[in-house]
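See below for the structure under consideration.
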Amino acid sequence: MIRIGRLRTLAPLALLVVLGCAGPRALERDLAGEPLLATCLESYQLIDDAVASAGVRDVEAHRVPGFPYLRVNRFLASFSEQDLSPARLEAWVDRLVRLDREGRTVELKNLPDGSRARLDHAIAATLGTDWRALGVLERCPPILRRHDLARMDRQEALLARAEVPDDYSLAKRTLGLYPLTAIPVALGWQRWQAEHLPPFREPTAEVGFEGAPVLYLPEVEPAAASAEEVAAILERSRDNALGISEPEGEALESLAASFAPAYLVDTVSPADRMGHPVWLEDRVPGVDTTRPVAFVRTAQAWFDGEPVLQLVYTIWFPARPKESPLDILGGRLDGLVWRVSLAPDGTPLVYDSIHPCGCYHLFFPAPGVERTPLPEDRPEDIRETATVPQPAPPVGPGARLVLRLAAGSHYLTGLTLLPEGARGRHERSYRLVIDEGPPELALRSMPLPGGGRRSLYAQDAIVPGTERAERYIFWPMGIASAGAMRQWGNHATAFVGRRHFDDPFLLDRAFDR
0 MIRIGRLRTL
10 APLALLVVLG
20 CAGPRALERD
30 LAGEPLLATC
40 LESYQLIDDA
50 VASAGVRDVE
60 AHRVPGFPYL
70 RVNRFLASFS
80 EQDLSPARLE
90 AWVDRLVRLD
100 REGRTVELKN
110 LPDGSRARLD
120 HAIAATLGTD
130 WRALGVLERC
140 PPILRRHDLA
150 RMDRQEALLA
160 RAEVPDDYSL
170 AKRTLGLYPL
180 TAIPVALGWQ
190 RWQAEHLPPF
200 REPTAEVGFE
210 GAPVLYLPEV
220 EPAAASAEEV
230 AAILERSRDN
240 ALGISEPEGE
250 ALESLAASFA
260 PAYLVDTVSP
270 ADRMGHPVWL
280 EDRVPGVDTT
290 RPVAFVRTAQ
300 AWFDGEPVLQ
310 LVYTIWFPAR
320 PKESPLDILG
330 GRLDGLVWRV
340 SLAPDGTPLV
350 YDSIHPCGCY
360 HLFFPAPGVE
370 RTPLPEDRPE
380 DIRETATVPQ
390 PAPPVGPGAR
400 LVLRLAAGSH
410 YLTGLTLLPE
420 GARGRHERSY
430 RLVIDEGPPE
440 LALRSMPLPG
450 GGRRSLYAQD
460 AIVPGTERAE
470 RYIFWPMGIA
480 SAGAMRQWGN
490 HATAFVGRRH
500 FDDPFLLDRA
510 FDR
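First residue of the sequence shown: 0, per numbering that gives the first Met the number 0; consecutive thereafter.
Right under this line is the structure:
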């Protein structure tokens with residue numbers, strides 16, 4: 000048997016023989032076999048080198064070491080602990096391949112033109128003149144996965160390595176004397192709750208506004224789907240070996256429109272206007288407030304032992320203005336992430352929210368769902384627990400949830416209902432942007448002034464230019480650049496303790512139905 004190292008040496012010569020003595024069909028037959036295994040691995044390395052050199056690595060999903068065609072998120076990583084039948088294993092790997100192809104497509108789109116041309120030239124020199132980098136993403140995964148799934152040792156290695164590291168630095172917590180410094184941070188979180196959660200218990204009409212309240216309504220034409228219609232969509236999209244609901248196209252658009260909230264924003268300055276993130280002339284991020292949008296993505300979690308679909312809505316503001324020169328929380332860009340977790344019967348289970356920094360995680364259980372006791376609830380435990388300011392109101396046919404946001408801080412301060420047909424005096428519409436389409440429509444690959452593309456997020460998942468001064472105070476909690484805006488899949492949501500917004504077991508631990 001030829002070892003991989005020797006195969007890497009012989010692969011280019013073998014390829015030249017194939018190209019010189021056979022036509023395209025013979026080449027395609029050869030691509031389906033082992034001879035090009037090492038060449039595919041080499042091509043992935045060429046892509047990785049180009050991406051690293053240009054600094055455009057995408058980190059929404061985590062790369063699986065030793066499997067360059069696979070990436071994993073926290074929900075899919077949870078399957079690695081299960082006994083997977085051959086059909087479920089294949090379906091699971093399908094989704095890891097999809098995550099890698101999506102991430103690499105984003106990276107390739109963000110490469111500078113010169114880097115992309117040099118990469119394609121190197122790929123063509125390695126695999127043949129009809130190959131380009133995008134072709135590697137289509138043609139190499141079947142070769143690599145066939146090799147890996149045919150060997151039990153490779154399967155075991157994949158299951159062991161398909162994990163996502165948490166977003167907490169043990170080194171920082173150790174150097175920062177975390178057991179001691181966590182105490183004042185925990186007291187500060189308690190003070191914040193005591194100050195900012197009482198408005199949730201007051202009727203919205205009785206809470207004053209600093210400026211003009213502007214009601215943002217989703218720009219959707221069709222009527223909201225009933226619970227029965229939602230359940231039917233979830234059931235149809237669950238027809239796969241893993242039992243995961245994966246709605247697409249019109250089905251996803253219907254769900255997104257049905258559960259999209261209205262936003263009642265206290266507006267004092269331009270920083271309180273919703274908009275679309277853009278790159279400005281000096282290559283710093285800004286928000287175009289002439290285009291109010293909410294980005295919608297799907298996610299998955301476990302509840303009562305079953306996977307449930309989550310709809311995630313993210314809105315952006317130009318800034319959180321500083322209240323004084325010593326304000327450590329203010330800075331460029333701000334926003335709100337609102338998540339709706341759906342039961343298989345088409346009704347909401349739990350709503351929860353954070354800011355794009357991962358801060359201020361709040362939960363709102365739907366009717367019929369109860370908060371269950373957690374170890375963090377004990378008085379002597381200072382870790383942050385699942386905070387429930389109020390239960391979510393029941394949403395009847397045609398009604399829509401209204402999220403009330405404060406001026407400046409954009410804190411969520413209330414949750415109420417907008418009856419069907421109700422309108423406000425100061426009203427604007429916003430557009431739903433489904434973040435499941437081509438990467439050029441998402442924030443992971445945005446046009447730059449003067450040409451080219453760049454992700455809103457840097458290689459460390461942080462939105463550059465959104466750093467807050469609070470990072471100099473909270474670094475002992477182990478979170479990188481506390482307060483900065485960051486990419487999906489990288490939201491640590493507790494300073495004291497450990498919690499991630501995309502933890503697939505979070506709801507199952509904290510709530511029951």
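We put the beta carbon where it would ideally sit given N, CA and C, even for glycine.
Within the same chain, show all residues whose beta-carbon is closer than 7 Å to that of Ala406, passing over the 5 residues directly before and after it, in chain order.
Glu209, Gly210, Asp265, Thr266, Val267, Asp271
What's the C-alpha gap between Phe500 and Pro111?
33 Å
Does the beta-carbon distance from Ala481 to Arg497 come in below 8 Å?
no
Assuming Arg512 and Val368 form a contact by the criterion Cβ under 8 Å, report the distance between their Cβ atoms to the nearest whole angstrom.
5 Å
On a CA-only basis, which of Ala441, Thr492, Arg382, Arg443 is nearest Gln189? Give me that one, please.
Arg382
DSSP three-state call for Leu325: helix, strand or coil?
coil
For Pro64 and Arg160, I'd like the C-alpha separation in whole angstroms.
7 Å
If you pair each beta-carbon of the segment 289–297 with each one of the segment 428–435, do three or more pairs fall below 8 Å?
yes
Determine the direct distance from the alpha carbon of Met273 to that of Arg377, and round the result to whole angstroms.
39 Å
Check this for me: beta carbons of Leu506 and Ala300, under 8 Å apart or not?
yes
Counting beta carbon pairs with one atom in the segment 237–256 and one in the segment 306–321, are three or more of them shorter than 8 Å?
yes
Please confirm whether Leu233 and Gly345 have their CB atoms less than 8 Å apart.
yes
For Glu375 and Thr386, believed in contact at Cβ under 8 Å, the rounded distance
So it is not a contact: roughly 10 Å between Cβ atoms.
Quick one: using the 10 Å Cβ neighbour count with 16 as the cut-off for buried, is Thr371 buried or exposed?
exposed
How far does the beta strand (DSSP E) with Leu404 in it reach, from first residue to last?
399–404
Under 8 Å between C-beta atoms of Pro317 and Val283:
no
From Glu218 to Pro202, what does the alpha carbon distance come to, in whole angstroms?
27 Å
What residue from Gln192, Leu442, Leu348, Phe504 has the CA that sits closest to Thr412's CA?
Gln192
Quick one: using the 10 Å Cβ neighbour count with 16 as the cut-off for buried, is Ala124 buried or exposed?
exposed
Range of the contiguous alpha helix (DSSP H) that encloses Asp507
505–509
Just verifying my parser: in three-state terms, what is the DSSP assignment at Thr38?
helix
Once the 5 residues before and after Pro503 are set aside, which same chain residues still bring their CB inside 6 Å of it?
Arg73, Phe74, Ser77, Ala300, Trp301
Exposed or buried, what is Ile353 when buried is set at 16 or more other beta-carbons lying within 10 Å of its beta-carbon?
buried
Environment of Glu379 [buried if 16+ CB atoms lie within 10 Å]
exposed
Per-residue DSSP class, three states only, for His425:
coil
For Ser257, count the other beta carbons within 10 Å of its own beta carbon; 16 or more makes it buried, fewer makes it exposed. Which is it?
buried
Please state the DSSP three-state secondary structure of Asp265.
strand
Under the rule that 16 or more other beta-carbon atoms within 10 Å means buried, what is Cys20, buried or exposed?
Interpretation of Cys20 is limited by its pLDDT of 37, a score under 50 that renders its predicted location unreliable; no figure is taken from the coordinates.
Assumed close pair Ser523, Val105 - CB separation to whole angstroms, cut-off 8 Å:
The shown model of the chain, from 0 to 512, leaves out residue 523, and the question about it has no answer.
Should Asp42 be labelled buried (16 or more other beta-carbon atoms within 10 Å of its own) or exposed?
Rather than Asp, the amino acid found at residue 42 in this sequence is Ser. So Ser42 counts as buried.
Report the rounded CA-to-CA distance for Ala86 versus Ala240, giving the unit in angstroms.
6 Å
Cα-Cα separation, Ser340 to Pro364:
10 Å
Buried or exposed, going by whether 16 or more other CB atoms sit within 10 Å of the CB of Gly22?
Because the pLDDT of Gly22 is 35, which lies under 50, any placement of that residue in the model is unreliable, and the question is left without a value.
6 Å Cβ shell around Tyr177 - same chain, five flanking residues per side excluded:
Pro475
Would you give the residue range spanned by the beta strand (DSSP E) that Glu524 belongs to?
It is not possible to answer for residue 524, since the shown part of the chain is limited to 0 through 512.
Can you have a look at Leu325 and say buried or exposed, based on whether 16 or more other CB atoms are within 10 angstroms of its CB?
exposed
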